[in-house]
Amino acid sequence: MTAAGTPYAWGGGNCNGPTGDQPPYDYGEVGYDCSGLVAWAVCQVTGRDLFKEGVRQTRSMYCRSNYKKVPYAQRQPGDAVFFGGNCDCPSASGIHHVGLMIDSGDRL
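As structure tokens, this is what we get:
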């Protein structure tokens, strides 16, 4: 299981792997964006397809996927980490990026 070396593609990626980028940034790349990479990784480990559950963008991933939310200091490898501001669901307008914790200090 690896995505190393896969290009960035806005709107790209799902449970099955990399996909083509999406408008408005469709340049013909096949790869992952941040939410596509996280969704692919979650699917590989758990079999759970976040996108089939209606979670397609980083903001909705944060608000609708029923993740257990923990303080940043308590994060564990494999945890999803959301960036960009505060989120008081159902409005997640400040969230614009998601990644995965690699270890206690590194994010992917």
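Just so we're aligned, residue 1 is where the sequence shown starts under UniProt numbering, counting upward by one.
Backbone N, C-alpha and C fix where the C-beta goes; we use that ideal spot for every residue, glycine too.
Spatial distance of residue i from residue j (CA atoms)
| i | j | result |
| --- | --- | --- |
| A39 | A73 | 23 angstroms |
| N26 | A9 | The identity of residue 26 in the sequence shown is Asp, whereas the question assumes Asn. So the two alpha carbons sit approximately 8 angstroms from each other. |
| G98 | L37 | Just to set this straight, residue 98 is Val in the shown sequence, not Gly. Each residue's alpha carbon lies about 9 angstroms from the other. |
| F82 | V30 | 24 angstroms |
| D49 | C43 | 5 angstroms |
| D21 | L100 | 21 angstroms |
Simplified DSSP assignment, three categories, for residue i
| i | result |
| --- | --- |
| V98 | strand |
| F81 | Correcting the residue type first, residue 81 is Val in the shown sequence and not Phe. Here V81 sits in strand by DSSP. |
| W10 | coil |
| G31 | strand |
| G36 | helix |
| T19 | strand |
| Y25 | coil |
| A41 | helix |
Contact belief for residue i with residue j at Cβ below 8 angstroms, rounded distance in angstroms
| i | j | result |
| --- | --- | --- |
| T19 | G12 | 5 angstroms |
Nearest candidate by alpha-carbon position, reference residue i, set the options
| i | options | result |
| --- | --- | --- |
| T46 | A3, C15, I95 and H96 | C15 |
| Y32 | I102, T6 and P77 | T6 |
| S35 | V70, H96 and M101 | H96 |
| A4 | D103, K69, A41 and P24 | A41 |
| Q76 | K69, F51, Q22 and D103 | D103 |
| G17 | T2, P71 and L100 | T2 |
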